[in-house]
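Residues in the sequence shown are numbered from 317 upward in steps of one, following this note's numbering. One structure is given below, encoded as structure tokens.
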Amino acid sequence: MHQNKADNVSEHNAKISPILASLQEIHAKYQRDFSGKVATYIPELAEADPSLFGIALVTADGQVYQTGDANHLFTIQSISKPFVYGVALEDQGLDYVLSKVGVEPTGEAFNSIVFDERHNRPFNPMVNAGAIATTALIKGTGHDQRLARLLEKFSDLAGTPLSIDHAVYTSERTTGHRNRAIAYLELNFGMIDEPVNEHLDLYFEQCSILVNARDLAVMAATLANNGVNPLTGKRALDEPYVKNVLSVMHSCGMYDYAGEWSYRIGLPAKSGVGGGIIAVLPGQFGIGTFSAPLDEQGNSYRGIQVCEELSERFRLHMFQSRAATGIVVRRSYRGTTVRSKRMRGAAEQSILDRKGELICVYELQGNLFFGTMEQLLRRLSADLESFSYLILDVKRSAQIDECARTLLAQMNDMLAAAGKRLMLAHLSDALSNALQETRENEWTSDHFFPDTDSALEWCENQLILQEGPSVAVARTPVALAAMDIVAGLNADEIALLEPIVGEAHFSAGDVIIREGDPADTLFLLAAGSVTVCLRLANGQGKRRLSTITPGLAFGELALLDGGARSADVIADDAAMCYIVPIAKLETLASSHPEIRTKLIFNIGRELAARLRRADGEIRSLAE
Numbered sequence: 317m318h319q320n321k322a323d324n325v326s327e328h329n330a331k332i333s334p335i336l337a338s339l340q341e342i343h344a345k346y347q348r349d350f351s352g353k354v355a356t357y358i359p360e361l362a363e364a365d366p367s368l369f370g371i372a373l374v375t376a377d378g379q380v381y382q383t384g385d386a387n388h389l390f391t392i393q394s395i396s397k398p399f400v401y402g403v404a405l406e407d408q409g410l411d412y413v414l415s416k417v418g419v420e421p422t423g424e425a426f427n428s429i430v431f432d433e434r435h436n437r438p439f440n441p442m443v444n445a446g447a448i449a450t451t452a453l454i455k456g457t458g459h460d461q462r463l464a465r466l467l468e469k470f471s472d473l474a475g476t477p478l479s480i481d482h483a484v485y486t487s488e489r490t491t492g493h494r495n496r497a498i499a500y501l502e503l504n505f506g507m508i509d510e511p512v513n514e515h516l517d518l519y520f521e522q523c524s525i526l527v528n529a530r531d532l533a534v535m536a537a538t539l540a541n542n543g544v545n546p547l548t549g550k551r552a553l554d555e556p557y558v559k560n561v562l563s564v565m566h567s568c569g570m571y572d573y574a575g576e577w578s579y580r581i582g583l584p585a586k587s588g589v590g591g592g593i594i595a596v597l598p599g600q601f602g603i604g605t606f607s608a609p610l611d612e613q614g615n616s617y618r619g620i621q622v623c624e625e626l627s628e629r630f631r632l633h634m635f636q637s638r639a640a641t642g643i644v645v646r647r648s649y650r651g652t653t654v655r656s657k658r659m660r661g662a663a664e665q666s667i668l669d670r671k672g673e674l675i676c677v678y679e680l681q682g683n684l685f686f687g688t689m690e691q692l693l694r695r696l697s698a699d700l701e702s703f704s705y706l707i708l709d710v711k712r713s714a715q716i717d718e719c720a721r722t723l724l725a726q727m728n729d730m731l732a733a734a735g736k737r738l739m740l741a742h743l744s745d746a747l748s749n750a751l752q753e754t755r756e757n758e759w760t761s762d763h764f765f766p767d768t769d770s771a772l773e774w775c776e777n778q779l780i781l782q783e784g785p786s787v788a789v790a791r792t793p794v795a796l797a798a799m800d801i802v803a804g805l806n807a808d809e810i811a812l813l814e815p816i817v818g819e820a821h822f823s824a825g826d827v828i829i830r831e832g833d834p835a836d837t838l839f840l841l842a843a844g845s846v847t848v849c850l851r852l853a854n855g856q857g858k859r860r861l862s863t864i865t866p867g868l869a870f871g872e873l874a875l876l877d878g879g880a881r882s883a884d885v886i887a888d889d890a891a892m893c894y895i896v897p898i899a900k901l902e903t904l905a906s907s908h909p910e911i912r913t914k915l916i917f918n919i920g921r922e923l924a925a926r927l928r929r930a931d932g933e934i935r936s937l938a939e
């Protein structure tokens, strides 16, 4: 009985999966290419449908991508060889197995009756002679027990119960005269022991195990994951021998095409005359393909094309330098947890309290290449329905390779199609230029921001604008009575305040408040914007603390302690302020203390709100 779990990539996730989209695109490209011929030397294989074509990719942590006829069953054939080799290593140990089967590539056909002249042993376990010798090393009492062990091993590797296609087994057993000749020659040289026919039957049965492309991808991913099945978490092959299996796959797995495969595609792989191919990128994923028509070397024609295109498209060649995958999303948060440094009035704050969750920020870490991008795309798929704006902070990503840039461009396209916006923060000029060269028509300047704060501010502005005209962009100065700091004052109290309030106008770049100056004036911003800056030590410039928008006060600590100014305040553009001398306010308060009390209450309320937001940001850092 053969069972498979459903594809892990749902239709929902597929909408935002450039990896699945690429598999589908490649599948469509070769679907109608009927180059190659179905194997006929085994009669049952000649019945295969040449139109069937499936592709699967499974990551080392268990994510499944598949398309086409990836669930169609066929016989594993020679793809069984590396896995039986692994079992033989577990059963007999490396030194003993090497005494029976070498690891040298050969330019001979897969069924060649040619041995290593020095040792009289098969050249490697990937050709029939070597595979028969490794099958003979499988432990067990009698045929049935040995077969049960192999089926159990293969089922552990695939993460699902596997079985034998008895029609194919019978066909192979009936026509396997050349393999019998090989086996008896090995018996003559002492490479195998009796019972020869039992070994041969077991070999024919292992080649007749039913799998599909998805199973093959899981088996390959198990090798990529150091022998642990990524779907079940069960160890299927001892870790010390995984490297040995991958080594012979890399050098010998594709027969006399192995050299060109290594040069062009660069992944450990194994093919089978049933039409399957597996390929492994250690630490990252496994690929399984199925298409029955074979090329002149006996490898699946479509399977070769798929693997070559995937390798080229995603820069998968194992000798192409890349860092370990690790955890790519260092931290994530929403716009309700972390706000930009732009301080806003109560009306705008209310909008952001309601809608800030639509802003999502991922802080990335490590180099970006296929493995880390796949992980990022999977995380994105899980969050897709819950945001409208996505900010990727790449400050901690030193390298973004060509594959990652292509996937980022595809991610941008897919998000845009879904009505969402992608932004990149802390991206260097060189990388932003490289991205625009990757997809020059899709990237615009409002995709790139110098830092996360400016990206957050842009997103916040979009959310506010969706609610209608904002005071932040209003052309008319905010009236004194509309200032947040005077909330709660009645008309009479406002009338008492007005005579002591003056106006001041500033140009862009003007220093309104200078750090260290006496704090003797309260400023209420009516138009324009100003930025609060802190001077850094050793003359290293300034750091923005916040940007004030119309309707808000600044320099308000003067009303509380009357000390020196703690930071610079600089006009970003033409600004108009109401100015309230503290001395005059204290004089007014002597006869109308309720005015001062209400002003201090409003200041305290705003400071408390800022403190709560700061607490939320600090907590998010610990998550």
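Glycine included, C-beta positions come from ideal geometry on N, C-alpha and C. Remember, predicted model here, so these are calculated numbers, not experimental data.
So which of the options has the shortest CA-CA distance to residue i?
i, options, result
"E341", "R629, N513, P398, T356", "R629"
"L547", "D531, L562, A662", "D531"
"A662", "G549, M799, V484", "M799"
"K914", "D349, Q382, L876, R655", "L876"
"R712", "E718, I395, Y678, L723", "Y678"
"G592", "V354, R658, L692, L632", "V354"
"G825", "A807, N806, V846, I816", "V846"
"T457", "F839, L501, H515", "H515"
"E363", "A483, N387, E468, R465", "A483"
"F520", "L467, Y557, L562", "L467"
"R860", "V848, R921, A853, G871", "V848"
"T863", "A891, A853, N854", "A891"
"G878", "G804, F765, T837, R658", "T837"
Report all residues from its chain with a CB closer than 6 Å to the CB of residue i; omit the five preceding and five following residues, and keep chain order.
i, result
"R618", "Y346, F369, S607"
"Q393", "C523, G588, V589, G590"
"S351", "Y617"
"F505", "N436"
"V527", "I392"
"M535", "L473, A474"
"E625", "I342"
With burial defined as no fewer than 16 other Cβ atoms inside 10 Å of the residue's Cβ, what is the status of residue i: buried or exposed?
i, result
"V544", "buried"
"D554", "exposed"
"K671", "buried"
"H742", "buried"
"P609", "buried"
"A788", "Residue confidence is low: A788 scores 44 on pLDDT, short of 50, so the model does not pin down where it sits. Its coordinate-derived value is still stated next. A788 should be labelled buried."
"G867", "buried"
"G857", "exposed"
"S367", "exposed"
"V885", "buried"
"H493", "exposed"
"G602", "buried"
"A485", "The amino acid at residue 485 is misidentified as Ala; the sequence shows Tyr. So Y485 ends up on the buried side."
"T768", "buried"
"D481", "buried"
"Q382", "buried"
"R1012", "Absent from the structure is residue 1012, since the part of the chain shown begins at 317 and ends at 939."
"K455", "exposed"
"A924", "exposed"
"Y579", "exposed"
For residue i, collect the residues of the same chain with a Cβ closer than 7 Å to its Cβ; drop the 5 residues on either side in sequence, then sort them by chain order.
i, result
"A330", "Only weak support is given to the placement of A330: the predicted model assigns it a pLDDT of 48, under 50, and the value that follows is read from those uncertain coordinates. These residues qualify, in order along the chain: L336."
"A797", "I810"
"S627", "I581, G582, L583, H633"
"A880", "G832, D833, P834, A835"
"I594", "I395, L532, M535, A536, A585, K586, G602, I603, G604"
"A376", "A537, A540, N541, P546, G599, Q600, F601"
Who does residue i pair with in a DSSP beta bridge?
i, result
"Q681", "R712"
"Y705", "I675, R737"
"Y381", "L373"
"F870", "F839"
"A891", "F822"
"F390", "V527"
"P897", "T837"
(message) Would you call the region 829-837 in contact with the region 909-924, where contact means no fewer than 3 C-beta pairs closer than 8 Å?
(response) no
(request) Answer yes if the region 673-685 comes into contact with the region 649-656, meaning at least three C-beta pairs across the two stretches below 8 Å, and no otherwise. (result) yes
(message) Does the contact criterion of 3 or more C-beta pairs under 8 Å hold for the region 461-473 versus the region 410-422?
(response) no
(request) Taking 8 Å as the threshold, find out whether the region 696-707 comes into contact with the region 732-739 through three or more Cβ pairs. (result) yes
(request) For the region 679-691 and the region 711-728, state whether three or more C-beta atom pairs, one from each stretch, are separated by less than 8 Å. (result) yes
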